[in-house]
Amino acid sequence: MALVHVSATGTRTTGTSTADDWSDANCYPTVSDSAAGWSGATTVILNDETITETSAISSVNLQACTSLTIESRSGVRADCIWTMNSATEQLINSAPASGCTTVTIQNLSITRSVDMSSSATNALVYFAGTFLTSVTLSNVIIGDFDVNGYEDADGVLFRCASTVSRTVNLTDVLVRNVNSAGSGFNAPMFDLTGASHTYNLTRVQFENLTQTRISDSIWAYGIKYGGANTYNLADIEVTDATLSHGTSSEEIKPFMYAGNTTSTLNIDGMTFTRVVMGSSSATVKSNGWGVHLRCAYSLRNYHSVDCYLWWTTAAQGSQLDGGGLYISQSEAVQSAPVENVSATRCMSRSGACIFISNGAGGRFWNIRAYDCETEAGVIYNGHGGTTYELSGFLVDGVTKADHALYVNDGIGVWSRLNTDEDKTSTIANGTVINCVSAGSAIGFDNTSDLNALTVNVYSVISINPDCAEDIQEKATGSGGITVTTYDCIVGSSGTDSTTDNDLTTIADDDLSDVLTDVVNDDYSPVAAYQTGGQKWWGEVPRPRGADGEPFPDFGISIGAVQSKAAPFHPANM
207 MALVHVSATG
217 TRTTGTSTAD
227 DWSDANCYPT
237 VSDSAAGWSG
247 ATTVILNDET
257 ITETSAISSV
267 NLQACTSLTI
277 ESRSGVRADC
287 IWTMNSATEQ
297 LINSAPASGC
307 TTVTIQNLSI
317 TRSVDMSSSA
327 TNALVYFAGT
337 FLTSVTLSNV
347 IIGDFDVNGY
357 EDADGVLFRC
367 ASTVSRTVNL
377 TDVLVRNVNS
387 AGSGFNAPMF
397 DLTGASHTYN
407 LTRVQFENLT
417 QTRISDSIWA
427 YGIKYGGANT
437 YNLADIEVTD
447 ATLSHGTSSE
457 EIKPFMYAGN
467 TTSTLNIDGM
477 TFTRVVMGSS
487 SATVKSNGWG
497 VHLRCAYSLR
507 NYHSVDCYLW
517 WTTAAQGSQL
527 DGGGLYISQS
537 EAVQSAPVEN
547 VSATRCMSRS
557 GACIFISNGA
567 GGRFWNIRAY
577 DCETEAGVIY
587 NGHGGTTYEL
597 SGFLVDGVTK
607 ADHALYVNDG
617 IGVWSRLNTD
627 EDKTSTIANG
637 TVINCVSAGS
647 AIGFDNTSDL
657 NALTVNVYSV
667 ISINPDCAED
677 IQEKATGSGG
687 ITVTTYDCIV
697 GSSGTDSTTD
707 NDLTTIADDD
717 LSDVLTDVVN
727 DDYSPVAAYQ
737 TGGQKWWGEV
747 PRPRGADGEP
757 FPDFGISIGA
767 VQSKAAPFHP
777 ANM
């Protein structure tokens, strides 16, 4: 085992350090210099000060040891700053073919002393090679510098590549204050690609990111992912990001974007707050500020707050859809239903809360949108996918954005078909209120000439006096559409145009009065706030969706109100 100390005033040039001796003679001046003392299981301890490098840790350095730990003396990450004083060099640029199998960097800050230039060739910290099996960053701050013209796809801050089996753990990492500008493509903060890797990201925060570009971006502004890897993300936060172009109608990719469909992505906890894409004077095209997902996945506890996508108002068809979460392609196969997704005070052309399309379907439970602005479908299910289920949802106060060009139906909830496969949509146990649109609050559309769209609506409240319709269907193609409502309550905003089955129309615009009237011996709420572990279905069997699976327990504050005479009411199960 080798121990070396690093201090800015150190003078040691060879050998190992004596533990707890912080004299200059016992310390190396830089981490790269300390490689002269590395062997076996090596620990490098940095004094609580700024340690400035001018050259990178190389593959040769890592081949001299079997494992490497780099950490601060006190364990306080803000007190120990490890910085690269070069516009082009990396702190670590290593692809060992032998020697080191495990690298851990913990309890310190990583940055650059000067702007990263267009001549840089890789991320600040880069690992590759065929020998490393584990890389860990723990309790690390990384960032606090500007990027001036660097446009490589290999990432600004951290990159891990190659095709060997490897586990990469990023835990309690704070990415902050990175200002990126250039005339070409953008570079992601992290490049997490390669193959046969498992990436575990836990409590990773991204704060104060800005990117300004002229050309279309081709990579994510946050995390580039893809390849035959597994990604496990928990408690991720993205706060105060501003993404813009110098000219209108250019494209900006979302926070996470993959170039292929071979990954597996698992997300449990991700929040976007105050992310702004484009501006009123320089609008952009984008699939949203969040995750672009088109691979096998599971997802829950995913939220957007005060996020805005100023989409281009060019001719329809040249825009892009999406907002908080974009799910696309038939390869986007769920291992479990999506649960607990919300958007609050957000704006995008469509799907500000969630956008599902291009062959993707699945089950979506407890989806909520509050006070959002859009052009169509704050909860949007587009073409493709043979089954779609939305259960336990609340849409409150969605309005048409000021710069929206088109009037679309389903400003709150939208489901459509325009591809070559029949589709069944189930919309159950939800509420859409206080929406404003010249179209409908809930809408269904089939533009296919060959295939049919079947929609079953169970126990939904739609009370939107400022919409032309509450629930509306249309079939612009000849494939046909069948919409059947079961035990729904529709407000006084217009005549419901669906095929009615036990449809109740209430001529009262005040939802509180409606709930007061119907919560009695004849009606009762069937989606109430879950507290103390109490499940709203009680001890009776749950009704089942179109796929035969039971509807979930919900944790929403307002849900459908259902007649006790209805076959799906728990009292009759």
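All residue numbers for the sequence shown refer to this note's numbering, where the first residue is 207 and numbers rise by one. Glycine included, C-beta positions come from ideal geometry on N, C-alpha and C.
C-beta contact flag for residue i and residue j at 8 Å
i	j	result
threonine 307	threonine 339	yes
methionine 322	alanine 303	no
valine 547	arginine 569	no
glycine 686	alanine 658	yes
glycine 475	isoleucine 442	yes
asparagine 371	alanine 334	Residue 371 is actually serine in this sequence, not asparagine. No; because the gap between Cβ atoms is not below 8 Å, this pair is not in contact.
asparagine 670	serine 621	no
valine 666	glutamate 679	no
valine 353	alanine 301	no
aspartate 397	aspartate 446	no
leucine 471	tyrosine 508	no
glycine 400	asparagine 375	no
tryptophan 288	isoleucine 316	yes
glycine 432	asparagine 466	yes
serine 492	leucine 526	yes
Limits of the alpha helix (DSSP H) - the one that residue i falls within
i	result
asparagine 267	265 to 268
serine 237	In the sequence under discussion, the amino acid at residue 237 is valine, which differs from the serine named in the question. Segment 237 to 240, the alpha helix (DSSP H) holding valine 237.
Backbone secondary structure at residue i - three-state DSSP
i	result
threonine 373	strand
alanine 647	strand
asparagine 383	strand
glycine 636	strand
aspartate 719	Unreliable positioning characterises aspartate 719 in this predicted model, as indicated by a pLDDT of 37, which lies under 50. The coordinate reading is nonetheless provided below. Note: aspartate 719 maps to helix in three-state DSSP.
arginine 555	coil
aspartate 708	Interpretation of aspartate 708 is limited by its pLDDT of 38, a score under 50 that renders its predicted location unreliable; no figure is taken from the coordinates.
arginine 279	coil
glycine 400	coil
glycine 243	helix
alanine 393	coil
aspartate 352	strand
alanine 231	helix
serine 284	According to the sequence shown, residue 284 is alanine rather than serine. Helix, per DSSP.
proline 747	With a pLDDT of only 45 at proline 747, under the threshold of 50, the placement of this residue in the model should not be trusted; the figure read from the coordinates follows. Coil.
glutamine 296	coil
asparagine 564	coil
First through last residue of the beta strand (DSSP E) which encompasses residue i
i	result
methionine 290	287 to 290
aspartate 602	593 to 602
threonine 436	436 to 451
leucine 252	246 to 252
glutamate 679	672 to 681
phenylalanine 337	Neither: phenylalanine 337 is in no beta strand (DSSP E) and is coded neither H nor E.
serine 621	619 to 623
alanine 549	544 to 550
cysteine 366	364 to 366
Buried or exposed by the 16-neighbour rule on C-beta atoms within 10 Å, applied to residue i
i	result
valine 309	buried
leucine 656	exposed
methionine 483	buried
alanine 426	buried
tyrosine 612	exposed
serine 718	The predicted model places serine 718 with a pLDDT of 37, which falls under 50 and marks its position as unreliable; any figure quoted below should be read in that light. It is exposed - the Cβ of serine 718 has fewer than 16 other Cβ atoms within 10 Å.
aspartate 676	buried
threonine 224	exposed
asparagine 313	buried
asparagine 253	buried
serine 402	exposed
aspartate 651	buried
alanine 284	exposed
asparagine 328	buried
asparagine 635	buried
aspartate 227	exposed
serine 265	buried
alanine 549	buried
valine 282	exposed
alanine 542	exposed
asparagine 640	buried
serine 684	exposed
Anticipated Cβ contact below 8 Å, residue i with residue j, distance rounded
i	j	result
valine 331	isoleucine 257	The pair is not a contact, with the Cβ atoms about 15 Å apart (cut-off 8 Å).
alanine 231	threonine 217	6 Å
aspartate 512	arginine 551	5 Å
histidine 609	serine 486	7 Å
phenylalanine 599	valine 619	7 Å
serine 510	glycine 528	At roughly 11 Å, the Cβ-Cβ gap does not stay under 8 Å, so serine 510 and glycine 528 are not in contact.
Closer than 8 Å to chain B by CB, residue i
i	result
threonine 217	The structure shown contains no chain B; it holds only a single protein chain.
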